[in-house]
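The numbering of the sequence shown is the working numbering, which starts it at 1 and goes up by one.
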Amino acid sequence: MTDQLLKDYFFPSHHLTLIKKMAQRDIWAHYRGSIIGLSWVLLTPILMLSVYVFAFRVVFNARWPGAENSTIEFALQVYTGLIIYNLFAQSVSRAPGLIIEHTTFVKKVLFPIQSLAWSTVLTNAFHAVFSIVVLLVVSVITGHSMSIALIALPFTLGPIIPLLLGLVWIVSATGVYFRDLNQIISLVVTLLIFLSPVFYPLDSLPPEWQPWLMLNPLSSIMEQSREVILSGNWPDWPVIVKSWVTGLFTALLGAIWFRQLRKGFADVL
């Protein structure tokens, strides 16, 4: 049973074509009818980063702790955190209604309904990749060096994928039975932007608060990503290992939770 769980949820090689098609469908649906189509995938992060640079540099004249001489650094630091936060928010916010939106798939006995989580996470990760590319280009233009430490970026950002898979499985399965979950998740996602180090570095907080915010798995991913992308430093590997353990544990818990609750989907829907 464990082998089947791993095969169906974590190594869905027999469903890769299906997952790819669902992700492509979601991406195309997002831009269907727009004049420039998929060009928005690249244009959106460019425009967003431009807005942040203008706001924090010109309007607020904000300074990032440790980089007080640079007015553009604040925008880059915040944008790095927002890429990770948005990937989380967009994936988890959709989860409560994910199964309900695909009721017809639930009725099909052979359809791998757990693959919807993969499609959702990969669709949002697709957009995040373009945002990271824009961030890297702008960081070089503004004087940041391209450090060899960038090869560690996939290991630094990687834990968010199993983390999100687990959360989407848990939330989507629970949402079938508890329809108020959508409102609760919306509130939690909104609160998390302030309870994650998006607009501030973790070490700017009082020491007694820092351990509490580190309980948020997004905190370490944001902090370590900034170290790699903007500071050119190698990540703190013990912290990265902890992030991977947290992500994989969440994914395993989510897979077990989803597998148990999916038995009643057809009856409820």
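In this text, a Cβ means the ideal position worked out from N, Cα and C, and glycines have one as well. Predicted model, so just to flag it, every value in this text is computed and none were measured.
Residue i to residue j span [Cα, whole Å]
i, j, result
"Ser-13", "Arg-25", "19 Å"
"Ile-113", "Val-106", "7 Å"
"Val-51", "Ala-173", "37 Å"
"Val-137", "Phe-199", "21 Å"
"Ala-75", "Val-53", "5 Å"
"Asp-180", "Thr-142", "46 Å"
"Thr-303", "Asn-124", "Past the boundaries of the shown model lies residue 303; the chain is included only from 1 to 269, so the question cannot be answered."
"Leu-153", "Leu-248", "18 Å"
"Leu-230", "Gln-77", "8 Å"
"Gln-224", "Pro-65", "16 Å"
"Glu-280", "Gln-260", "With the chain represented from 1 up to 269, any question about residue 280 goes unanswered, as that position is not in the structure."
"Thr-246", "Pro-159", "8 Å"
"His-102", "Leu-202", "40 Å"
"Arg-32", "Val-168", "25 Å"
"His-15", "Leu-157", "24 Å"
"Ile-27", "Ser-34", "12 Å"
"Leu-82", "Ser-39", "21 Å"
"Arg-36", "Asp-236", "According to the sequence shown, residue 36 is Ile rather than Arg. The alpha-carbon atoms of Ile-36 and Asp-236 are separated by roughly 41 Å."
"Ile-256", "Val-176", "16 Å"
"Asp-8", "Gly-166", "14 Å"
"Leu-5", "Phe-11", "9 Å"
"Phe-111", "Val-188", "31 Å"
Residue of the options minimising C-alpha distance to residue i
i, options, result
"Asn-216", "Met-146, Lys-242, Trp-118, Ala-255", "Lys-242"
"Pro-320", "Gly-232, Pro-197, Ile-132", "Nothing in the structure corresponds to residue 320, since the chain is present only between 1 and 269."
"Leu-163", "Ala-149, Met-146, Trp-118", "Trp-118"
"Lys-263", "Thr-17, Lys-108, Leu-47, Thr-2", "Lys-108"
"Ala-23", "Tyr-79, Ser-93, Arg-32, Val-121", "Val-121"
"Asn-86", "Leu-187, Leu-116, Val-239, Ile-193", "Ile-193"
"Ile-312", "Pro-65, Gly-81, Ser-91, Leu-5", "Within the shown structure, residues of the chain are numbered from 1 to 269, placing residue 312 beyond reach of any answer."
"Ser-147", "Thr-17, Arg-226, Asp-8, Trp-64", "Arg-226"
"Ile-170", "Gly-254, His-127, Trp-64", "Gly-254"
"Ile-161", "Arg-94, His-15, Ala-251", "Ala-251"
"Ser-139", "Val-228, Arg-32, Ile-84", "Val-228"
"Ile-19", "Leu-43, Met-48, Ser-115", "Ser-115"
"Trp-234", "Leu-205, Gln-210, Leu-165, Ala-149", "Ala-149"
"Ser-196", "Phe-111, Ser-204, Leu-213, Gln-183", "Leu-213"
"Leu-269", "Gly-97, Ala-128, Ala-29", "Gly-97"
"Leu-42", "Phe-126, Phe-56, Ile-151", "Phe-126"
"Glu-73", "Thr-104, Ile-84, Ala-55", "Ala-55"
Three-state class that DSSP yields for residue i in the structure shown
i, result
"Trp-244", "helix"
"Trp-237", "helix"
"Trp-118", "helix"
Where the alpha helix (DSSP H) through residue i begins and ends
i, result
"Leu-205", "Looking at the DSSP string, Leu-205 is not in any alpha helix (DSSP H), and its letter there is neither H nor E."
"Val-198", "No alpha helix (DSSP H) holds Val-198; DSSP gives it neither H nor E."
"Thr-80", "73-94"
"Ser-39", "Per DSSP, Ser-39 belongs to no alpha helix (DSSP H) and is neither H nor E."
"Leu-110", "No alpha helix (DSSP H) contains Leu-110, which DSSP labels as neither H nor E."
"Asp-267", "265-268"
"Arg-25", "16-31"
"Leu-98", "98-101"
Can you give, in chain order, each stretch of the alpha helix (DSSP H) that sits fully within the segment 130-201 and has at least 4 residues? The alpha helix (DSSP H) runs lying completely inside the segment 130-201 and spanning 4 residues or more are 153-157, 160-177, 181-192, given in chain order.
Complete alpha helix (DSSP H) runs within the segment 209-233 (minimum length 4 residues, chain order): List check, alpha helix (DSSP H) in window: 210-213, 217-229.
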